[in-house]
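What follows is a set of notes on a single structure, which appears directly below.
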Amino acid sequence: MTQFLEGPQGRRIAYHRSEGTGPGVVFLGGFRSDMQGTKALWLEDWARKCGRAFLRFDYSGHGESSGAFEDGAIGDWFADATAAVQKLTEGRQVLVGSSMGGWIGLLLARTIPERLAGLVTVAAAPDFTERGYWAGFPEAERAALLEQGRVELPSEYGDAPYVITRRLIEDGRDHLVLDQPLPMPFPVRFLQGTADADVPMSWALDLLDHATGEDMRLTLVKGADHRFSTPDCLALIGAAVDEVLARVA
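Just so we're aligned, residue 1 is where the sequence shown starts under full-length UniProt numbering, counting upward by one.
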């Protein structure tokens with residue numbers, strides 16, 4: 001049953017929480033994704049079978065949470081995630097961040113490292129508003145974004161067009177993680193598919209090179225796409241979480 005947390009600035013954050021042993025596991029979803037996705041539900045089932053505490057939630061403007069998607073930005077969703085971890089979990093947590101959730105996880109690692117037992121990312125997309133959208137926009141789209149405050153981009157998944165706002169781009173610049181030190185004082189596992197059309201494989205290598213930590217590994221999966229949701233890919237996520245938990249138990 002969906003529950004709600006009164007989050008930052010009165011935003012209602014929808015969540016599902018399973019009781020269990022710690023360290024718990026928190027799933028951080030991607031851009032325009034929600035907590036009903038394949039990876040979130042698979043991890044919830046995995047956690048229940050292991051007796052492990054688990055939390056999944058929707059950022060504001062996503063899924064069952066309040067707000068409109070196009071009104072949000074990285075800072076808002078980072079604040080939502082911070083509130084969810086701080087108020088809905090106890091002790092240290094292993095974060096599993098998918099795509100944008102990887103960026104959110106890195107921001108959490110930078111700001112509340114004492115609450116993290118480890119981090120697993122799946123096709124992490126740190127700084128994607130800048131190095132993905134803004135860097136990829138032709139001059140005409142950049143001009144439209146600055147003048148009109150928004151542009152619409154077609155979705156490759158058959159959904160309604162993505163609305164990219166000027167605020168999303170400008171707020172993203174205030175939350176970049178690859179332009180300053182990024183210490184990871186806990187076990188970290190990065191997972192990345194080589195056939196990912198949304199997050200280039202080079203980004204995973206850049207992240208591995210930039211972040212610092214004594215226990216950090218990158219696994220590349222030949223042929224895996226951005227969804228990373230085949231049975232083999234899901235099993236790899238579970239194995240990565242297991243490995244992190246084994247090192248902090």
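Idealized CB from N, CA, C, for every residue including glycine.
(message) Which same chain residues end up closer than 7 Å to residue 260 when comparing Cβ atoms and leaving out the 5 residues on each side of it in sequence?
(response) This structure leaves residue 260 out entirely; the chain is present only between 1 and 249.
(request) Throw me the rounded Cβ distance for the Pro126 and Leu55 pair, which I believe falls under 8 Å. (result) Actually they do not touch by this definition, with Cβ atoms about 22 Å apart.
(request) Note down the Cα distance separating Leu43 from Gly238, rounded to an integer number of angstroms. (result) 7 Å
(message) My parser needs the beta strand (DSSP E) runs of 3 or more residues fully inside the region 63-117; what are they?
(response) 93-98
(request) Have a look at Pro154, Ser18, Asp232 and Leu106 and flag the residue whose alpha-carbon is nearest the alpha-carbon of Tyr133. (result) Pro154
(request) Below 7 Å CB to CB, which residues in the same chain sit around Gly75 once its five sequence neighbours on both sides are set aside? (result) Asp171, Asp174 and His175
(message) Going by C-alpha to C-alpha distance, which of Met1, Asp198, Glu130 and Phe190 sits closest to Arg167?
(response) Glu130
(request) For Cys233, collect the residues of the same chain with a Cβ closer than 7 Å to its Cβ; drop the 5 residues on either side in sequence, then sort them by chain order. (result) Val221 and Ala224
(message) Between which two residues does the beta strand (DSSP E) holding Ser18 run?
(response) Arg12 to Ser18
(message) At the level of alpha carbons, what is the spacing between Phe27 and Ala140?
(response) 37 Å
(request) Could you tell me whether the region 208-216 touches the region 182-196, using the rule of 3 or more Cβ pairs below 8 Å? (result) yes
(message) With three or more beta-carbon pairs closer than 8 Å as the criterion, would you say the region 43-52 touches the region 63-79?
(response) no
(request) Quick one: using the 10 Å Cβ neighbour count with 16 as the cut-off for buried, is Ile169 buried or exposed? (result) buried
(message) If you measure between the beta carbons of Ala124 and Gly97, is that distance less than 8 Å?
(response) yes
(request) Kindly indicate which residue of His226, Val244 and Thr230 has the alpha-carbon position closest to the one of Gly29. (result) His226
(message) Just verifying my parser: in three-state terms, what is the DSSP assignment at Arg56?
(response) strand
(message) Output needed for Tyr15: all residues of its chain with C-beta closer than 8 Å, excluding positions within five of it in sequence on either side, in chain order.
(response) Thr2, Gln3, Phe4, Leu5, Met35, Leu55, Arg56, Phe57, Asp58, Ala84 and Leu88
(request) Return the Cβ separation of residue 274 and Val25 in integer angstroms, given the expectation that the two are a contact with Cβ distance under 8 Å. (result) This structure cannot settle anything about residue 274, because the visible part of the chain is limited to 1 through 249.
(message) Can you tell me where the alpha helix (DSSP H) holding Met35 begins and where it ends?
(response) Here Met35 belongs to no alpha helix (DSSP H), and DSSP marks it neither H nor E.
(message) Just to confirm my understanding: we take Ser202, look at its own chain, exclude 5 residues before and 5 after, and list those with CB closer than 6 Å. What are they?
(response) none
(message) If you reduce the DSSP assignment to three classes, tell me which class Leu5 lands in.
(response) strand
(message) Assuming contact is defined by CB atoms lying nearer than 8 Å, are residue 251 and Gly51 in contact in what I supplied?
(response) Here the chain covers residues 1 to 249 and nothing more, so residue 251 does not appear.
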